[in-house]
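Here the protein sequences line up with chains Z and U, keeping their order. FYI, in the numbering used here the residues of the first sequence are 4 to 146. FYI, in the numbering used here the residues of the second sequence are 4 to 146. A virtual CB, placed ideally from N, CA and C, is assigned to each residue, including glycine. All values derive from a computational prediction rather than experimental measurement.
There are 2 protein chains.
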Amino acid sequence: MAGMTSPRSCAIAHALDIVGERWSLLIVRELGYGVHRFNEIQANTGAPRDVLTRRLARLVEAGVIERRRYSQRPERFEYHLTSAGEELRPILFLLNQWSEQWLDGAPVGETTLLHSCGNVAAAEVVCSACGGGRITGADLRVA
Amino acid sequence: MAGMTSPRSCAIAHALDIVGERWSLLIVRELGYGVHRFNEIQANTGAPRDVLTRRLARLVEAGVIERRRYSQRPERFEYHLTSAGEELRPILFLLNQWSEQWLDGAPVGETTLLHSCGNVAAAEVVCSACGGGRITGADLRVA
Chain Z
4 MAGMTSPRSC
14 AIAHALDIVG
24 ERWSLLIVRE
34 LGYGVHRFNE
44 IQANTGAPRD
54 VLTRRLARLV
64 EAGVIERRRY
74 SQRPERFEYH
84 LTSAGEELRP
94 ILFLLNQWSE
104 QWLDGAPVGE
114 TTLLHSCGNV
124 AAAEVVCSAC
134 GGGRITGADL
144 RVA
Chain U
4 MAGMTSPRSC
14 AIAHALDIVG
24 ERWSLLIVRE
34 LGYGVHRFNE
44 IQANTGAPRD
54 VLTRRLARLV
64 EAGVIERRRY
74 SQRPERFEYH
84 LTSAGEELRP
94 ILFLLNQWSE
104 QWLDGAPVGE
114 TTLLHSCGNV
124 AAAEVVCSAC
134 GGGRITGADL
144 RVA
């Protein structure tokens, strides 16, 4: 068809279909901080309730989070990260560091994350193919 | 005011104000792949032209990308990553790996990125505070 474009097929775009949206990533942030109940997630993200409901359902469907019943009468659920969701946390942490380093007006985080080594976490990206060489933006090139 | 919530102040939310949106991150992807001109970015992302125009302007304003004139008559511009934008590339690369590992139906990437070591890049997140211990989701806890 005239004018049709064929966007690049890529796993980043696929991920963004699911988590590439402000509220979805803030939900993952909250669950990672140990906040699991709808009302608290709503308060801490500021997401409108109807939007939050839809985003939670989408993340459950994609296997990023799961719903667990914590009360039978009345029936109530909380939300937890799956293994897939847990592995978004280091990526969000890097995004947080990037924001603090590069963006004007980034608020100083109220929440400090510790690495399992006991120190305040300080993340960097390395390449396991060469045994740990740093990966900065300048280190990546198209094959 | 009744019903007002006070969302958590955080640098992640601040970053998502600027890049937390599908098209913005796909623009960064394209510039990282060496695609710099509006029509090609449009074709490779599939973004509507008016949306793409707004997202490009927003990214320029935030200092993530910059506009460079490459022709005077007619006056034409292309877009390049700034240092800030370059440092999003490893984060996007991690998101790509995460998608391939965890999401059903993630397309196999058409584009291979090499690390400066010469190998196909294989990224992991480590902690520089302890000299390089791996940071998985399970390794991060709130202080």
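Closer than 6 Å by C-beta to isoleucine 21 (chain Z): which residues in its own chain qualify, once you throw out the five before and the five after it? Chain order, please. Ala65
Which residues in chain U have a C-beta closer than 8 Å to the C-beta of histidine 17 (chain Z)? List them in chain order. Within chain U, the residues near histidine 17 (chain Z) are Ser102, Leu106, Gly108, Ala109 and Pro110.
What does phenylalanine 96 (chain Z) touch in chain U if you count any residue whose Cβ is under 8 Å from its own? Val128, Ile138 and Leu143
Along the beta strand (DSSP E) that carries glutamine 79 (chain Z), what are the first and last residues, could you check? Going by the sequence as given, residue 79 (chain Z) is arginine instead of glutamine. Bounds of the beta strand (DSSP E) holding arginine 79 (chain Z) are 79-84.
With 16 as the cutoff for other CB atoms within 10 Å, does threonine 48 (chain U) come out buried or exposed? buried
Below 8 Å on the Cβ atoms is my contact criterion, and I expect isoleucine 15 (chain U) with leucine 59 (chain U) to pass it. Report the Cβ-Cβ distance as a whole number of Å. With a Cβ gap of about 23 Å, isoleucine 15 (chain U) and leucine 59 (chain U) do not count as contacting.
Report the partner residues of isoleucine 44 (chain Z) according to the DSSP bridge assignment. The partner list for isoleucine 44 (chain Z) (beta bridge, DSSP) is empty, contrary to what the question assumes.
Could you confirm whether any beta carbon from chain Z is found closer than 8 Å to the beta carbon of valine 54 (chain U)? no
Between the alpha carbons of aspartate 107 (chain U) and tryptophan 101 (chain U), how many angstroms are there, rounded? Each residue's Cα considered, the two are about 11 Å apart.
Cβ pair histidine 118 (chain Z), cysteine 130 (chain U) closer than 8 Å: yes
Can a CB atom of chain Z be found closer than 8 Å to the CB of histidine 83 (chain U)? no
Do histidine 17 (chain Z) and alanine 87 (chain U) come within 8 Å of each other at the CB atom, strictly closer than that value? No. Outside cutoff.
Indicate whether the contact test is met: 3 or more Cβ pairs, each with one atom in the region 133-142 of chain Z and one in the region 90-100 of chain U, closer than 8 Å. yes
Per DSSP, cross-strand counterpart(s) of cysteine 133 (chain U): In the DSSP secondary-structure assignment, cysteine 133 (chain U) is not bridged to any residue.
Span of the beta strand (DSSP E), counted from its first residue to its last, around isoleucine 21 (chain U): It is not in any beta strand (DSSP E) - isoleucine 21 (chain U) instead sits in the alpha helix (DSSP H) that spans 14-22.
Since isoleucine 68 (chain Z) is in the beta strand (DSSP E), which residue starts that stretch and which ends it? 68-74
Whole angstroms is fine: what's the gap from leucine 84 (chain Z)'s alpha carbon to asparagine 122 (chain Z)'s? 24 Å
Across which residues does DSSP place glutamate 127 (chain U) in a beta bridge pair? Z:Val129
Have a look at U:Ser27, U:Glu24, U:Gly37 and U:Pro10 and flag the residue whose alpha-carbon is nearest the alpha-carbon of valine 145 (chain Z). U:Gly37
Consider the Cβ of leucine 29 (chain Z): report whether some Cβ of chain U lies at a distance smaller than 8 Å. yes
Let's test the definition: count the other Cβ atoms within 10 Å of the Cβ of isoleucine 128 (chain Z) and tell me whether it reaches 16, buried, or not, exposed. Reading off the sequence shown, one finds valine at residue 128 (chain Z), where the question assumed isoleucine. By the neighbour-count rule (16 or more Cβ atoms within 10 Å), valine 128 (chain Z) is buried.
Using the Cα positions of glutamate 113 (chain U) and aspartate 53 (chain Z), report the straight-line distance between them to the nearest angstrom. If you take the alpha carbons of glutamate 113 (chain U) and aspartate 53 (chain Z), they lie about 37 Å apart.
Assigned exposure category for glutamate 78 (chain U) - 16 Cβ within 10 Å defines buried: exposed
Between which residues of its own chain and methionine 4 (chain U) is the CB-CB distance below 6 Å, once the five residues before and five after are set aside? Interpretation of methionine 4 (chain U) is limited by its pLDDT of 35, a score under 50 that renders its predicted location unreliable; the figure taken from the coordinates is listed afterwards. The answer is none, since no qualifying residue turns up.
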